[in-house]
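Residue numbers (the numbering used here): 29 to 567. Below you'll find the structure, written out as C-alpha cells, and then a few comments.
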C-alpha cells in the first residue's frame with residue numbers, strides 16, 4: 029500500500045476539519061460587514077477616551093509583565109537550582125494561585141483594605157494606611173501580577189528543569205560572576221521561553237475585564253464592553269477590537285523576528301543539574317520572598333473567603349451557588365470535551381496529509397487565545413444574531429419563536445471552544461509530535477480503518493496529552509468572565525458571573541462562597557494535573 033496515497037485520501041479527517049474550521053472562523057469572516065454599520069459614538073470615543081484606553085492598557089501590560097516575570101523567574105530559579113527543606117510543598121503552593129481568578133483577588137483586597145476590613149484594621153494599628161491606593165492602577169498591577177506570575181513560574185521552571193547544564197558548569201568552574209552568567213548564558217538561551225511567557229502574560233492582562241472594571245481602570249477591553257452596553261454602539265466596540273488586532277499583529281511580528289534569531293542549545297548532555305544545598309539560614313533568606321508571595325496570593329485570599337463564607341452563609345446562597353456550580357460544570361465539561369475532539373481531528377489532518385502547504389488554514393482556530401474574551405463575544409454575538417434573523421421565518425413556522433440560537437447556551441460554548449482551543453490543542457500536538465507517525469502508518473498498512481486507528485492506536489498513546497489538555501481547558505473556562513457575562517442566556521448563571529454580580533450588589537458573603545467553590549474545584553484539578561505529571565514524567 030502506498031502511504032502517500034493513504035494520507036492524501038484521508039477524507040474523513042479532511043471533511044471534519046473543514047467543517048470545524050468553518051464553524052469556528054465563520055463569525056470572524058462575517059464580522060467584516062460591521063465595517064459598514066453606523067458608529068455614532070466613535071468620534072466621542074476617539075476625542076475623549078481612546079488616549080486613556082491606550083495609556084492605561086500599555087501601563088498595565090508593561091507593569092504586570094515586568095513584575096510577573098521577575099517573580100516567576102526568581103521562584104523557578106530557587107525551586108529548580110537549589111535543594112532545601114520544604115521545597116516540594118513550596119513548589120506546589122506556587123502553582124495554586126492559578127486557581128484564584130484575578131477578579132476574585134481584586135474584591136478580596138478591596139474588601140479587606142477598606143475601612144472595615146481585617147487587614148486595614150491591622151495596618152492602622154501599625155501606623156500604615158493603604159486605603160488611598162485601593163481603587164488605583166498600582167492595585168490593579170499588583171493584583172494581576174499575583175494572579176499571573178504562576179504562568180511565568182511554570183515556563184521558567186520547565187526551562188531550568190530541562191536545561192543543558194554543560195554551559196553553566198563551565199561558567200561556574202571558570203568563576204564567572206553570577207550576574208554575568210545570567211546576562212551572558214541564561215538570558216540568551218532562555219529567550220524563547222522568556223518571550224512565550226511574556227506574550228502569554230500580556231494577552232492575559234489585556235484580556236482582563238473583572239479587575240479593571242471593578243477598580244475603574246479604563247482599558248481597551250473595558251472600552252469594548254462599555255461601547256457595546258453603556259453606549260449601545262456595537263460598531264465602535266468592533267473598531268476598538270480592530271485596534272487591538274493591529275497591535276497584536278505588530279507584537280507577533282516582533283516575537284517572530286526575535287524567536288527566529290534566538291540562540292538554541294543543540295548540545296547533548298546527560299549531566300544531572302547541580303542543586304545547591306542550602307543551610308537553614310540560606311533557606312530562610314532565599315525562600316522568604318516566595319513564602320511572602322504565597323501569603324499574599326494564596327493564604328490571605330483563602331482565609332478571607334473562608335471567614336466571609338462561614339460568617340454569613342445561608343440556605344438561599346448555598347442553593348443558588350449550587351445551581352450555578354452545576355451549570356458551570358456541565359457547560360465547561362461539554363466545551364472541554366469538544367475542544368479535545370476538535371483538536372484530535374485538526375492535529376490528525378495536519379500530521380497525516382501528504383500536501384502540507386494548504387494545512388495552515390486549519391491552524392486559524394489557534395489564534396483565538398490571543399483575542400480578548402470581549403472581542404470574541406462581540407463577534408460571535410453579532411454573527412448568531414444575524415443568523416437567527418435569517419432563519420426567523422423557519423423558526424416561526426416550526427416553533428413559533430425567534431432567536432433560537434443566539435439566546436441559547438450553544439453560542440457561549442462555541443465561543444469557549446474557539447477562545448480556549450489552543451490550550452487543548454497544544455497538549456495534544458506536543459504528545460503527537462513525541463510519538464511520531466510510524467504506528468499510525470503501520471495500522472493503515474495493515475488495512476485498519478481511520479476510525480479504528482484513531483481509537484485503538486492513537487488515543488491510548490496520547491492519553492497523557494488528552495488528559496492534560498482537558499484539565500487545562502476546564503480550568504481556563506470555569507474562570508472565564510467577560511464572554512460568559514456577554515453571551516450567557518438570561519436563565520444561566522455560572523460561578524464566575526454569580527461572583528461578579530454578587531460583588532456589584534455588595535453581597536460579599538455570597539460572592540465569597542461562590543469564589544471558594546470555584547477555587548477549590550480549580551485547586552483540585554491543578555493538584556491532580558501535577559500529580560499526574562510527576563507520575564508520568566510530564567512537565
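Cβ atoms here follow ideal geometry from the backbone N, Cα and C, with glycine treated the same way.
Looking at the structure shown, is residue 391 part of a helix, part of a strand, or coil, going by DSSP?
Looking at residue 391 - three-state DSSP - the assignment turns out to be helix.
Which residue marks the beginning of the alpha helix (DSSP H) containing residue 78, and which one marks its end?
Run containing residue 78: 78–109, per the alpha helix (DSSP H) assignment.
Rounded to a whole number of angstroms, what is the C-alpha to C-alpha distance between residue 449 and residue 136?
If I take the Cα positions, the gap works out to 31 angstroms.
What are the partner residues of residue 305, as DSSP defines its beta bridges?
Paired residues: 111.
Work out the CA separation of residue 554 and residue 335 for me, nearest whole Å.
The straight-line gap from Cα to Cα measures roughly 24 angstroms.
Could you spell out where the alpha helix (DSSP H) holding residue 332 opens and where it closes?
Looking at the DSSP string, the run of the alpha helix (DSSP H) that includes residue 332 is 328–340.
In whole angstroms, what is the alpha-carbon distance linking residue 551 and residue 66?
Whole-angstrom Cα-Cα distance: 46 angstroms.
My parser needs the alpha helix (DSSP H) runs of 4 or more residues fully inside the stretch 133–201; what are they?
With a minimum length of 4 residues, the continuous alpha helix (DSSP H) runs that stay inside the stretch 133–201 are 146–153, 165–190, 194–201.
What is the residue span of the alpha helix (DSSP H) that residue 378 lies within?
Segment 343–380, the alpha helix (DSSP H) holding residue 378.
Apart from the five residues on each side of it in sequence, which residues of its chain come closer than 7 angstroms, Cβ to Cβ, to residue 539?
Cβ within range, chain order: 135, 527, 530, 531.
Can you tell me which of the three DSSP states residue 247 falls into?
It is coil, neither helix nor strand.
Please check the pair residue 251 and residue 77, which I expect to be a contact at CB under 8 angstroms, by giving their CB distance rounded to whole angstroms.
Rounded, the Cβ-Cβ distance is 6 angstroms, consistent with contact.
DSSP state of residue 295, grouped into three classes?
Reliability fails at residue 295, whose pLDDT of 48 lies under 50, so the model's placement of it is uncertain and no value is given.
DSSP state of residue 529, grouped into three classes?
Correct three-state label for residue 529: helix.
Does the distance from the C-beta atom of residue 243 to that of residue 234 stay below 8 angstroms?
Not in contact: residue 243 and residue 234 (Cβ atoms no closer than 8 angstroms).
Among 150, 160, 109, whose alpha-carbon lies nearest the alpha-carbon of residue 184?
The shortest Cα separation from residue 184 among 150, 160, 109 belongs to 109.
Going by beta-carbon coordinates alone, are residue 122 and residue 306 separated by less than 8 angstroms?
Not closer than 8 angstroms, so no.
Report, in whole angstroms, the separation of the C-beta atoms of residue 246 and residue 376, which I expect to be a contact under 8 angstroms.
Not quite, the Cβ-Cβ distance comes to about 44 angstroms (not below 8 angstroms), so this is no contact.
So, does the stretch 47–62 touch the stretch 394–414, judging by three or more C-beta pairs under 8 angstroms?
They touch, by the three-pair rule.
Pick out whichever of 521, 380, 474 has its Cα sitting closest to the Cα of residue 575.
The structure shown has nothing for residue 575, since the chain only spans 29 to 567.
Kindly indicate which three-state DSSP category residue 75 falls into: helix, strand or coil?
Three-state result, residue 75: helix.
When burial is assigned at 16 or more other CB atoms within 10 Å of the CB, is residue 427 buried or exposed?
Counting Cβ neighbours within 10 Å, residue 427 comes out exposed, since fewer than 16 surround it.
What does the alpha-carbon distance come out to for the pair residue 479 and residue 467?
When rounded, the distance between both Cα atoms is 14 angstroms.
Is the stretch 418–427 in contact with the stretch 483–497, if contact means three or more CB pairs nearer than 8 angstroms?
Judged by Cβ distances under 8 angstroms, the stretch 418–427 makes no contact with the stretch 483–497, as fewer than three pairs qualify.
According to DSSP, is residue 235 helix, strand or coil?
In the structure shown, residue 235 sits in a helix (DSSP, three-state: H, G or I).
Determine, using beta carbons only, whether residue 510 and residue 402 come nearer to each other than 8 angstroms.
Yes, the pair counts as a contact, with Cβ atoms nearer than the cut-off.
Measuring from the CB of residue 113, is there a heavy atom of the ligand NAD at a distance below 7 angstroms?
Absent from the structure shown: the ligand NAD. Ligands present: none.
Could you tell me the distance, in whole angstroms, from the CA atom of residue 40 to the CA atom of residue 502?
Near 28 angstroms, if we compare the C-alpha coordinates of residue 502 and residue 40.
If we ignore side chains and look at the alpha-carbon of each, how far apart do residue 341 and residue 279 end up?
Cα-Cα distance, rounded: 46 angstroms.
Under the three-state reduction of DSSP, which class applies to residue 485: helix, strand or coil?
The answer is helix: DSSP assigns residue 485 an H, G or I state.
Considering only residues of the same chain and omitting the five flanking positions on each side of residue 584, which have a CB-CB separation below 8 angstroms?
The chain is shown from 29 up to 567; residue 584 falls before or after that span and cannot be answered.
Check whether the stretch 212–228 touches the stretch 257–277, counting contact only when three or more Cβ pairs, one atom from each stretch, lie closer than 8 angstroms.
Contact fails: fewer than three Cβ-Cβ distances are below 8 angstroms.
Can you check whether the CB of residue 371 is closer than 8 angstroms to the CB of residue 464?
No, the pair does not count as a contact, with Cβ atoms beyond the cut-off.
Quick one, which of 560, 253, 373, 62 has its alpha-carbon nearest residue 49's?
Out of 560, 253, 373, 62, 373 has the C-alpha closest to the C-alpha of residue 49.
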